Every structure is written in C-alpha cells, then in structure tokens.
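Chains A and B, in that order, are what the protein sequence lines are.
Our numbering applies: residue 13 is where the first sequence begins, and numbers increase by one.
Our numbering applies: residue 2 is where the second sequence begins, and numbers increase by one.
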Amino acid sequence: MTFKLNSLSLLCIAAFATPALATSPVPAAAQQGAVLLNDATLHTVSNGVLENTDLLMVDGKIAAIGKDLSAPAGGTVVELQGKHVYPGLIALANQLGLVEIEAVRATDDTHEVTDTNPDVRAQVAYDAQSDVIPTVRSNGISYSLVFPAGSLLMGQSSLMQLDAWSWQDATVKAGVALHINWPNASVLSSPWNPKKPEELAKQNAEDLQKLYDTMAQAKAYVDAKKAGAIKALDSRWEAMIPVFSGERAVFAHAEDARQIRQAIALADKYQLKLTIVGGRDSWRVADELAARKVPVIFGSPFGIPDRDDEAVDTAYATPAKLAKAGVTFALAIGSYWDSRNLAFGAGQAVAFGLDKEQALAAVTLNAAKIAGVDDRLGSLEVGKAATVVVSEGDILDYRSSKISSMWIDGRAVDLNNKQKDLHQKYQQRYSR
Amino acid sequence: MKPLRLSLLSAAVVCAVAPAWADPTQPLQGIRDNSAQLLAFTGAVVHTEPGKTLSNATVLVQSGKITAVGTNLKIPAGFRQIDVAGYHLYPGFIDLYGQYGVEKASSERSGGRGDGPMYQNPRRGGNAVNAAIHAEQRWADSFMPNADDAKAYQQQGFTTVQSARQDGIFRGQAVVASTGKGLPGELILNADGQHFLSFDPGSSKQSYPSSLMGSIALVRQTLADAQWYQQAYGKADWRLFREPVPFNAALAALGQLNQTGLVFEVNNERNLLRADSLLKEFNLPKVALVASGYEYVRAADVKKTGRNLIVPLAYPAAPSVGKLDDQLDVSLADLRHWERAPTNAGALEKAGVNFALTTHKLDDKAKFWPNVRTAIKYGLSTEKALAALTTVPAELIGMPGQLGRIASGYQADLVVSKGDLFKDGEIVATWNRGVETQFKPLQNADVAGDYALNVAGKALKLNLSGALGKVEGKVQQGEKEAKLENLSVDKQQVQFGFSLKDVDAGDGVALFSGSMAGNLLQGTLQLPDGSQQALTLSRQAAAVKADEKKAEDSTLLSQLSMPNQAYGVANAPQRQNVHIKNATVWTSDKAGKLENTDVIVRDGVFTEIGKNLKTPSGFVEIDATGMHVTAGIIDEHSHIAIESGVNEGSDAVTSEVHIGDVLNPDDINIYRGLAGGTTTAQLLHGSANPIGGKAQVIQLRWGVSPEGLKFKAAPASIKFALGENVKQSNWGDNYTSRYPQSRVGVETTIRDAFQAAKEYKAAWAAYDDLSSSEQKRTVPPRVDYRLQTLVEILDNKRFVHTHSYVASEILMLIKLADETGFKVTTFTHILEGYKTAKEMKEHGASASTFADWWAYKMEVKDAIPTNTCLMADQGVVVSVNSDSPDLQRRLNQEAAKSVKYCGMSEEDALKMVTINPAIQLKVDQKVGSIAEGKQADFVLWSEHPLSVYAKAMQTWIDGTKYYDRNVDMTLNAGIEREKQQLIQKVLKAPDSAKAGSGGEMKKPEPIWHCEDNGDYLDLAFGRVAGAQQHAHQH
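As structure tokens, then:
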C-alpha cells in the first residue's frame, strides 16, 4: 500500500500528532518504509536545479533521483507539486545546544577557562532537549557544528544532527576541528577597554608568542610520545596528536587580515589543515586564501562594517568576493538562536553579487566539505544521507521560505517548536 | 648691577632680583630691600599692541609699571639702562586656562566608578549635592607659586596665568596670578577670577552623572539651583517646603557667575556647541569656551555662538602608519585631523571668532612657540596671534587697562625676544612687573656667516648659522664637510672643534677658541700635534637663514567634509523636484500597492501619484522601471547618533536627561541607516532605569548639525523601562543596592515619582497664587527638571515609550498609568505582547517589537516570531524596530519575517516599518506613507522591498537625496586615495610633527545598546576605569 500525502497534510500531521502544547517535539524514529518525494524542484547543489523531479529515500539514504520514480511497496509518496527541496542546511561554528539563556550563567556551557583546552569536546554539553534547537530546525537547518569558546586553544567542535534524544544520538562527527581563538592583531583601542596602541601591540605580540609556545610544547609532547619518551599522559597534548597528523582540522577564529596571515604562517609551520572562521577581512586576503586552498567560514553575512572607512556593504559583499577569488567558503551566523537566519544570510550575499547556487552551496555542500562530511551530507545525491528540507519557495528569501517538512536520515522531523506552541496557546486566549 | 642684600625669607622665593612688590603686613627680617626700581629698555623693536610696532624705541619702567614708551624718549637720570637694541619687546602673555599654583588634577582616576556605585555625595560643610561640583572652591585661597612651573610659563613669555584645579564639572573659582617671584598674596592679581567648568566629572566617584547627557543635565540643574538659592536662602517663610533652605556654599558661590564669568572646557567641537546652548539657557554673560582643536570642522557654527574662545595649540600625534599592517587600524578621520589640527586657529580667525591662546593640553610647554609658528604657517595672522596672547585675554579677565599692552600705566610685563617671535625669534628673557627672568645672555655675539680658514695649507670654509643657543656650523673643503663639534657661543667667546680628516686637511681633531668682534673672529686653533695657530677670520657673507632653505610645504591634502570623515559630504545635499516614473509604489496608505505608477515630488512634498504623469518642467526624472518605491523606513527604537552614553544609568529616575542634548550628527551609522532605507528614527535613552531620559526623534540627514537632525514635527517623548535591566539583574555583584531590585519595586518607583510630580505642580500653582508681596517673603519652589518632565507626561505633552518584556510588567504599567492619569504610547520590545494584546489595545497602547530575537536573557524566553501577528490581530498598532545600527540597515527584512513566520500580508508587513511607527511617534500626518501632501521621504528599492534580494538604491528625506548607492560605490576609491596621500605625508613628516604635542584624536564612540551601562564619561574623557558593557542584550 502506498500513502499519498501532500506536504501540507504532512505539516498538519506534525502539528496535530503532538498533543496540543507539547513541551517539545519528539525525535523521529528511524526510517521504516521508503519515502518518495514526487514532482519537486530539487536543488541538488552538486548537480544544479532539477525541475519536476522525484527523490526516493530508503533506509535513511537517498536511493534515487529522477523523473517519474515510483515508491516501492509499503512506501509513502509525498506530492510536492513543484515545491523546493534542498539538502538539510548546515549551520557551522555556533553554540546551539550549549547555552539556553545567554544571560543566565547556569544555562551557559559555551566557555571554558585556560588557554589550553584542545581536549575539551563541545558535544558532551550539547543539550538535545534545548528549546532553541527546534526553532532553528524549523527554518530548514538539519546540522550544526558546535564548538567550545574560550581563549587560544578552545577545544574540539562536533557536528550534530538536530533531531535527537541525546548528544550521543545527535553526534554526526566528533572532533571535527580544534578551534583556536586567534590572538588580537589590531592596535585599535576598544572604547570599552581603552589602551594605548603601544600597549595593545605589546599584548598582541605576547599573546601570539603564547600561542606559538603552546604549539611548540604540544608538538614536543607528540614527538616525545612517538619516540616512546613519555611517562605519563597529558590530556591536553594527547588531543593534539590528530591535529599534528592532519587528521583533525584547525579552525582559526580570525577576523582581521593580520590574524589570517598569522594563522596561515602557523599552519605552514606545523602542516596544519587550516580553516578560517569569522573572516571579516577575508576579502582583503582572498587571493592568498585561494592560492593556499584555505577555506573560510564567513561569520558575518549581515555584518556591520568593523572600521569607519569601510563601505556599508563590506560584509554583505564579502561572499561574492571570496567566490570570485576561488576561495572555498561556507556561511555561518551568530551564536545559537540566531543561526536560524542562516539561509537569509546566504540570500543577503546574493543581493550583493553572489551567485544563487554558490550561496546555497555555502550553507550546504561547502559547509559539509569544511566539516569533512561531504561524502555523506550537503547535497542531493544518490547514496548520501536522506536529509532533505522542503520549502514552499526559495529557501533563501523571507518571502518564500516556508519550511513544510524535513527528513534527517530519512526520519520525518517534527517541525513544531516552543514558539509555535505559545502562538497556538495565546491564539486560544483571544478566540474565547 | 650692585650686589643685593636679601632677607632669608625672600631668598627662598627670589632668585636674582628683589621683588618689585612686597607685603606690607610682613614683619621685617634683617635689612630692608630698597633696590632702585627704575628701568629703561632701549633700542628695541617694541610691539606695543597688536598691529603697532615702534622701532628703536625706549620703554621706561618704574616700580613694576610702565611709565613711558616712545622712540625719542630721553632716559631720565637714575634709570638703569638695559640695552636691548635689535631685540623685540612684546607685552607679557596671558594664559587664561592653567593650573599654575593650584593642586593639579590627576588624569588617572583612583579606583573609579567602575568599582561599584556611589549614589550619594558625603555632605560636608556647604558642599554640593554632587561630588563633581567644586564651585565653592576659591583657588586663590590655596594659591602657592611654584618656581619650575613659573619658569615653564615664563620661557614661553607668559607672565599672567588664570588657574583652577581642572577637575570636575564645576571646578571652582580661578585665581589670576603673575608668574613672577614673590609671596603668594603679592602675585595674585585677581583672587576672584572666572569659574571653570566642563562636562567631565573628573575624580568624582559618584555614579551620577555617568553620561554626557547626565553632565549636561547636572550643569543645567545646578545653574538653576544657584539662581533659586539666591532667592531662597535665608527666607523665613518656607511654607512650600518641609524645612528651611539649607546652607550650600557651592550654590552661593555660583550666585556670582554673572559678575565673575566662566570658562568652560570642551573636548570636541560638538560639545563646544552644546556648552554654548546650555549656557544660553541661563543668559550668562562673560563666557569663554576652551576649544578642543576640532573647531575648524564647524567654524561657521562656532562663530554663530558669538562666544569667545580659549584655543589650545596642542596637535595630535600622527596615526601610526610606518608598517603596512598598521594601516588597517588607521581612519581617514584621524589622518585628516593630524593634518588639519594646525589650521584650527587660522580657521577660527577666518571665521571671525574672537579667541585667546593657551598652553593648555601641550605635553610640553616648550612646544608652544613652534606650534604658534605652525599655526601661522596654516593661516593664523601674526597680529591675531599677538592679540590672542595679550589684549584679548586681558579683556576677557577684565584687566584691559593693566595687562596686554606696552603702554604707560600698564604692568611692566615684558617679553624680550631675539628676532621676531612669530617668525623664528627666541625668548631670551621675561619680565614680570619689572623683574627679570633671563634664559639666554642678551649679549651673545652674532656669529652667523662664512669665514675663510687656512689649515695646513688647505683653504677651508667655515660656516656658522643660527643665533643664541641654536648656533651650528661646519667646515668645508670643496665637497668635503666636517660638522662642528662642541660648538659654544657665550657672549663674545666662540669655541668649537672639527675633524680634519673629514675635510681632507690632516688627521685628528682641531680645536678653536676665539672671540667675535664685529665681523672679525680672532682666536687660536689647536692642531692634533698640540701646535697652535693664531687665526683672524673675517666674516665674508651672512648665512642663509636656516628655515628659508627648508620651508615646509603647507599645502593641505585632506578634504574637509561634513562630517569630516569617510563618507562625509563636501556640500550639503539640496532639495530637488522629482518625477519618479513607472515604479511599483507601496503607499502604506489606503491606495495600497500601485504598479507602473509615477510619483511627483515638489518642494519636498509628494504632490501627485498616478499613471503616466507629465513631467513638470525642470523636474529631475527618475526611471524606476522594475524598481519599487516605499515611504522612508521609520525606526521606533534606535540608539545611533548619540554621543557619550545612551544610559544615565545611575539613579532610578533620570527624566531630566535628554538625548536631544547629545545628538551626534557625525555618527557613521546615520549614513549606514540611510543605506538601508531608514529616514526617521526615535533615539531612545537606554533601559537602565524605570524612568529614563527624554527621547529625540531624528531624521537621518547626513551632513547636518546636531540641531539639523531633529525632526521638529515630532512631539516630545521619553523612555521608561521595566524588568531585568532596571532591577540590575545582569549588572554583576556590585549592583544590588539601588532601589528597585525587583519588579515590585519598579511599580512603586514609578508611582512615587508621578506623585512627586503632581505635588511639584501643585507647589508651583500655590506659589503662583500668592500675591507678589507674599512671593517676595516666601521661598519659591525650586525648578526641578526631573519632575518637570513628568509633569509634561501628565499634561499629555510628552509621550511614553516603555521598554518591556513580560506580561506581568506590561499589565502592571497599564494599570499604573490608568490610575496615575497618563497613557503608555508604545510598549517597545514587548516580546510577550502577544500575551497581553487585549489589555494593550484597551489602554490604547501600540507595540514595537523585534522580529525574531529571543533567548538572550531570562525575560525573553517566551518570545515568539509571530508576536507581531498576534498583536496586530487584536488591533494593536505594531511596528518592528532595530535597537541596533545593524538591523537599522535592513528593517525591511525584519518586517518580512512576519510574512514568513505568520503569513502577514506584505503590505501590512511593510506598514510595520513605515506608517505604523509613524503613528507611534505621532508623525503620521507628516511621514510614513506615500500620499499627496505628505513629506517626500522615500526609498527606491532594486527589488520587492520585502525580499532579501532588495537593495535600497536611493534614500530621500524631505525631497532631498541623502543616499545613492551608485554614488556610494564610487566613494571607496576616493577614500583610499586620500588616505594613501596622507599616509605618505605622515611618512615624510619630521619626527616632531609625527610625535605631536599633546593634542588628542576623538575617542571612538562605541555602538550603543539599550543596556550599555557604566561610565561613558570615562570613555569620553579617556579614562580606563568604569566602562562596562553588557553584550548581546536589549
């Protein structure tokens, strides 16, 4: 038997299947039968836009893409009538699930103290039950790369899927990268901490030296260990072994052109697999980044200029400049709750010169590449995870981004969230 | 000069000569000093006053006073002749803004207000209610001369200095004193000088004021209090009060301001204009404003104030550009100011401003004269410069008949200079009231010139140049050259050495000692072997003057724009008559959305909207085919264009402070807002207190004055706040003592404030009802700006916009407002408005909210992005606001989020950033929609205005184009080019110009947020302590 559903009724099921005013949506069970998305506009990312095309999901994977596919027996057919299907979006470099309410310290697990935390792992604090996660998910985001913040060696990021019972369920890939908070390079005094340029220059140099010293110390441990000369394990430097072997990437949080160049130099010294996170000034060094094949997670698609002399659209236009220079880049937004605007950040880049396909890639396939999971995520391709999002229209624009359904690994995700619940609750107050 | 006999006491303070003055009450120790006090200065070029010079003139001085000046004066018998032939004599200079002989203010704050709040000033004697007020200080009372400081002034020719400790807002009454030697009392020329004021609370640790608007409010209230105190203190009938008026020495001292006058120091040109208008509210005469160095930017506005200025000549250090990487941190504005700072005095002269000069702000007073000469190079006339040092300051301190001229009857304060001081002269001596302080021997020979010199058979040339202490020289043979070492000229005696090898005349060093007589330099040259050679060298030609060969280029490379920074405009944009053709017009009005429509704008007003209209003659045509036109975007909640503090977050009620007092038209975020289509914004006080400051509605006219930003059609408004911020939930452990600390206390705070306001109003009414004779006997009510503002609310003349989040506090305020008798016009933020929409509608309140912000603090945990729709469904007028310069660039997108999240119609969504906020600001009759007769504020969009793909292409206010994306895109190249030119100029500049002389660049203003709290004045005045920022909150 085949169930025929349109996406609207699917949405209704999602809304009514949960009891009214549920505390939070229930994670979906593993995919049972096949699901055929019929007659969709497929934004494959890897193979352009396919109109009036079908996509078949079997056992959590994309089993087929083509015209006039049919569902195997027992499968479900979802009639999409030209609606837009995208790979589930990937939000990089945020702290979703690590903090619930920013101003309430007890709910904040985003930061650790000390400069040397290569061994801390973000995913263990990831609260799969967070009320924030479903609000991000319902905007089409299926994955989030969460990282622990702090200073210098901040810790390891982990790629999470956003429909899970626990952090174990949620973890798609652990230890994606070691995140380094790059020491400040500007000598511009912040109004909140006014200092003389000389003082700042000195502080910057000291901080950079500290990073170099730390790396040297870590490398010495790794070399000594290789030589069998270590008597007791050092939790911190153990975590550096995959970093020096190139197995684990280094994500350097660097906004300023000088920081970016310093990061490239350090990566050269130790043969690190470098990605720049933030990258406000990446447009200034775009050719260098392209030549060195250093990817960028550009963190400010809506950014306001950092310097008074910069054009008002400096940040808006940066993705287009990176694309023109041939830099591999993804787009990312914000700290946690605001990452739900990720798709619109990509849309903003389109308004300022980026090609639409490239904009989409910057929140899907390129993000997957940078996270090292492009073999299984990031595009609509046969064999990849059946993580797809359906939008009534163009997902990059506010006017048309209406997310009607999402599957993660073929599991139909409940797109309800706390905010929709509250909406319904108070609608009832006024309808009585 | 005969040997002196000095008493022990005077020896302590006197160096070489007996004081011309003595304290008759001082009991005599030892033998009296009755030295003759008759002096005749002869042969000098005497600059008797600006523009008047006598050559080869004589000045007679008797007992410290000038008795005669002339060219044919006979020297009376008994006068000691001082031959100053060839020297220039100037009247002693006057510095009106110093700290000479008084306790100096510390630039560091010990501890600082950041350590924790201090809400009350400990009261002592008659001190003021605020710790930044020291008006009761009379600095003459503790004046103590200081030899080192005196010398630093005298070396620059200053003989008179007006001083008070430069600390605080009201700094006390200055003392005018001579820099000469003597007992303190002898040196004081005026014990009741001018009061010094500023906006900087200085060492005060009191929390209030923490913002510039707070400083302004404190000055205003204190000046009003001083006037009141004059009428109130000591009156027996105090029926309107609970007790008699207490003694207050600070207010008593300020009662004399009309007579004494005042000097107000500012740190930028905008504050100069602010100080001026503030003082004008009190009709205070005798005001001098200490300039910041930035006045050239708004010289015409400065002229309009009609004020006298005291102008420092301290120039800033050049931005660091030596390393390529450094250039990322350098702004065009700072480069421009580095180049233009020396033009300030000249620009003020050109604008017709009357000013005195001061050494204030110089890191080293020795840089004063080099800086005067630089100012002259950049346009200051020597006559004006001299006046600014003599007659003008003498006039300003009311001593025009005693100081500032070389004329009979004037004090014998004289400056003796070798050469014209305004060109390259050097001060060799300063005379205070007939007593000399000498820096260089007057009698040094003039040795400059070329001399032929024969050594070991080689014909060499000796060249000496310069004069006085700055002589230098070299020996040459052909191309070869040896610099003179150890060169000294003392009276007639000349000594030097030089390397023979360098000029190919042997090995080792030759040493010369000789003396100059006329054009002959006679002496002995000792050769390396010890042999000596007698020389008579004859001067062949005068040396070329040093500065003529390397005359510095005074061409200015920087542009001057308004504001004077990147993206500033050279000329204010002009209103145009426009015909917009074939656009999609979103009227935000009954007409709805009109396709293929034309709009005619005449004299700043939409005059016609229709299809295929005819272009009136002379109108600019804009082909808007494919484009969209909307009304200008309006932002109910913004903190851009505010200077030095968005919160006066000290007291719980601060309704006396006014954002309108601190508008900053130079904020780049005005331009950025325009680039996002925003034309109008309400600038709100922050949310640190239940009753915050007065708000100001502005139009984003880039390139105007502070006054020009104000939207005159908008009625007055004020910010209230509820919840976490006002109860200081996230302020840290130091902030747990201010009432209120909970929402229950917020209610009582507001209720009691309004009760006080009602009683205040009643007290004035009762006083007004008294007969005039009764009024004379009765202590009048005190003008209280804090309560007056609340009375305006009760009188429906000022409208309340309240920061609020949760349902309980929303309902509380509605109830309280109903009970008190005022209306809440707009609940802003109002993220739980969807829970209370019914009650808001009943009260008549509107709502201005964030599109999708939440989770950043506890009170926003229930925020939902469909808040707009739920409130609108209940009939509440809803807008979305930015509360940030970032979102202000894309409020169209914020509106679009309601289309996404709750299916609001696109026209209604657009209204949330056009006509709805116009209604909330009560300017909807004027702006907010495109309708015939309304002010032509509009935006041309590249696409559908709610699309993420839309860009604002042009933004117009009142028929004037303030932003054009096509122009904007060309500006960058010019900015970069100008920066590179200026960077090259810095790189080539001499070290002294790079190092500057103590002048400062403007402090960068942060992007203000609602909850930014702490000490903005510490930021503004460059102190580290105190600043706090609460990130990511609203």
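All residues carry an ideal CB built from backbone N, CA and C; glycine is no exception.
Small disclaimer: the values here were computed from a predicted structure and weren't measured.
- At a Cβ-Cβ threshold of 7 angstroms, R260 (chain A) and P254 (chain A) count as neighbours.
- Every alpha helix (DSSP H) stretch that sits fully inside the segment 692-760 of chain B and reaches 4 residues is listed by chain position as 707-710.
- Counting C-beta atoms within 10 angstroms of its own C-beta, S164 (chain B) has 16 or more neighbours from the protein chains shown and is therefore classed as buried.
- The C-beta of Y98 (chain B) has 16 or more other C-beta atoms within 10 Å across all chains shown, which makes the residue buried.
- When Cβ-Cβ separations below 7 angstroms define contact, H435 (chain A) makes contact with chain B.
- Minimum Cα-Cα distance from F851 (chain B) among the listed residues B:D884, B:M1002, B:V298 corresponds to B:D884.
- Contacts between A676 (chain B) and chain A, judged by CB atoms closer than 7 angstroms, involve V324 in chain order.
- R139 (chain B) and Q195 (chain B) have their C-alpha atoms some 10 angstroms from each other.
- In the three-state scheme derived from DSSP, where H, G and I count as helix and E and B as strand, R423 (chain A) is classed as strand.
- At the C-beta level, M166 (chain A) and N193 (chain A) come within 7 angstroms of one another.
- Three or more pairs of CB atoms, one per stretch, sit closer than 8 angstroms, so the segment 399-415 of chain A contacts the segment 152-160 of chain A.
- Residue ranges of uninterrupted alpha helix (DSSP H) with 4 or more members, entirely inside the segment 862-939 of chain B and ordered along the chain, are 868-874, 892-903, 907-912, 916-921.
- Interface annotation for the segment 299-318 of chain A against chain B: F314, G315, I316, P317, criterion Cβ-Cβ distance under 8 angstroms.
- Under DSSP, the beta-bridge partners assigned to H265 (chain A) are A:N193, A:V289.
- The three-state reading of DSSP puts E622 (chain B) in strand, counting E and B together.
- With a threshold of 7 angstroms between beta carbons, A848 (chain B) makes no contact with chain A.
- By the rule that beta-carbons nearer than 7 angstroms mark a contact, R149 (chain A) does not touch chain B.
- Interface annotation, G359 (chain A): in contact with chain B, CB-CB separation under 7 angstroms.
- Look at the segment 192-224 of chain A: the residues with a C-beta under 7 angstroms from a C-beta of chain B are S198, V199, L200, P203, W204, P206, P209.
- For the segment 875-890 of chain B, the residues whose beta carbon sits under 9 angstroms from a beta carbon of chain A are, in order, Q875, S885, P886, D887, L888, R890.
- The closest CA to that of G845 (chain B), considering only B:S409, B:A460, B:F828, is found on B:F828.
- Within the segment 635-688 of chain B, the complete alpha helix (DSSP H) segments at least 4 residues long are 669-676, listed from N- to C-terminus.
- Counting the other CB atoms within 10 Å of its CB gives G258 (chain A) a total below 16, which places it among the exposed residues.
- In the structure shown, V600 (chain B) falls within a strand segment according to DSSP collapsed to helix, strand and coil.
- With 16 or more other Cβ atoms inside 10 Å of its own Cβ, Q100 (chain B) counts as buried.
- A residue is called buried when at least 16 other Cβ atoms come within 10 angstroms of its Cβ; G458 (chain B) does not meet this threshold and is exposed.
- The way I'd put it, the segment 989-1006 of chain B does touch the segment 360-372 of chain B; three or more beta-carbon pairs between them come closer than 8 angstroms.
- Annotation for F356 (chain A): the continuous alpha helix (DSSP H) segment containing it runs 354-363.
- Taking C-beta atoms as the reference points, V663 (chain B) and E649 (chain B) fail to come closer than 7 angstroms.
- DSSP, reduced to helix, strand and coil, places S412 (chain A) outside both helices and strands of the structure shown, so it counts as coil.
- DSSP, read as helix, strand or coil, puts V234 (chain A) in helix.
- Shortest Cα-Cα distance from L372 (chain A) to any of A:G338, A:V324, A:G357 involves A:G357.
- Counting C-beta atoms within 10 angstroms of its own C-beta, V968 (chain B) has fewer than 16 neighbours from the protein chains shown and is therefore classed as exposed.
- The contact set of R673 (chain B) on chain A, defined by CB atoms closer than 9 angstroms, consists of I316, P317, V324 in chain order.
- F283 (chain B) and F171 (chain B) have their alpha carbons spaced roughly 16 angstroms apart.
- As the crow flies, the alpha-carbon of V900 (chain B) is around 9 angstroms from that of L947 (chain B).
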